[in-house]
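Be aware that the first sequence starts at 5, since it is given in the numbering used here, and climbs by one per residue. Glycine included, every Cβ here is placed at the ideal spot set by N, Cα and C. Everything on this sheet refers to the single structure shown next.
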Amino acid sequence: MNQTYFDWVYEVTKQIPKGKVTTYGFIADYLALGSARMVGWALRHANQKTPAHRVVNRKGELSGRHHFRPPERMAQLLRSEGVEVKDDKILYFEKHLWIPSENIHEDIDLS
DNA sequence: ATTGTGACATACG
DNA sequence: CCGTATGCCACAA
Numbered sequence: 005m006n007q008t009y010f011d012w013v014y015e016v017t018k019q020i021p022k023g024k025v026t027t028y029g030f031i032a033d034y035l036a037l038g039s040a041r042m043v044g045w046a047l048r049h050a051n052q053k054t055p056a057h058r059v060v061n062r063k064g065e066l067s068g069r070h071h072f073r074p075p076e077r078m079a080q081l082l083r084s085e086g087v088e089v090k091d092d093k094i095l096y097f098e099k100h101l102w103i104p105s106e107n108i109h110e111d112i113d114l115s
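Here is the structure:
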């Protein structure tokens, strides 16, 4: 099976530690391929194993919550990991921010 | 090949 | 703060 851009997005997303979050832009940046839009689009196709709730937009807003069932689940998952969420925004966003390019030291393998 | 579609980001008024 | 415009580019039809 040919791996696609989507698979890379999933791999990066799976590297996000519990209690941390990152943005669509940083992921796109790390991949140096596609764009932030592609990341969001890819995550829409993400399976349940992908912690897509740890990816938010640049303002720290849960812009993808409508794709969760129910939508409140995204914030719920984040809170359960110690991330404070208020009004669909992450509080102390910078404190929880996790940047792929500064934290992933090994290349992602596509098998 | 062409068109439409985005869970975005940035710039501008 | 809000709305609009533009760039972005993989993917499906």
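**Item:** Coil, strand or helix - L81 by DSSP
**Value:** Working through the first sequence from its first residue, we reach residue 81 at position 77. Correct three-state label for L81: helix.
**Request:** Have a look at P104 and K22 and give me their C-alpha separation to the nearest angstrom.
**Result:** Taking the first sequence and counting its residues from 1, the one referred to as residue 104 is at position 100. Taking the first sequence and counting its residues from 1, the one referred to as residue 22 is at position 18. Each residue's alpha carbon lies about 14 Å from the other.
**Request:** Check each candidate in K18, T54, E85, R41 and name the one with the smallest Cα separation from S67.
**Result:** Walking along the first sequence from the start, residue 67 turns up at place 63. For S67, the nearest C-alpha among the options comes from R41.
**Asked** Ends of the alpha helix (DSSP H) at M100?
**Response** Along the first sequence, one-based indexing puts residue 100 at 96. The sequence shown places His at residue 100, not Met. According to the DSSP assignment, H100 belongs to the alpha helix (DSSP H) that extends over 97-100.
**Request:** Consult DSSP for R15 and reduce its assignment to one of helix, strand or coil.
**Result:** For the purposes of this step, residue 15 is taken as residue 11 along the first sequence, with counting starting at 1. What sits at residue 15 in the sequence shown is Glu, not Arg. It is helical.
**Boundaries of the alpha helix (DSSP H) in which P104 is found, first to last residue** = Working through the first sequence from its first residue, we reach residue 104 at position 100. 104-107 is the span of the alpha helix (DSSP H), which, as asked, contains P104.
**Asked** Given F97, which residues of its chain have a CB within under 6 Å of its CB, disregarding the five upstream and five downstream residues?
**Response** For this step, residue 97 is matched to residue 93 along the first sequence. Answer for F97: G64, listed in chain order.
**Endpoints, alpha helix (DSSP H) assigned at L35** = Taking the first residue of the first sequence as position 1, residue 35 is located at position 31. 28-35 is the extent of the alpha helix (DSSP H) around L35.
**Inter-residue spacing [alpha-carbon to alpha-carbon] between A36 and Q52** = Within the first sequence, the letter at position 32 stands for residue 36. Within the first sequence, the letter at position 48 stands for residue 52. Going from the Cα of A36 to the Cα of Q52 covers about 25 Å.
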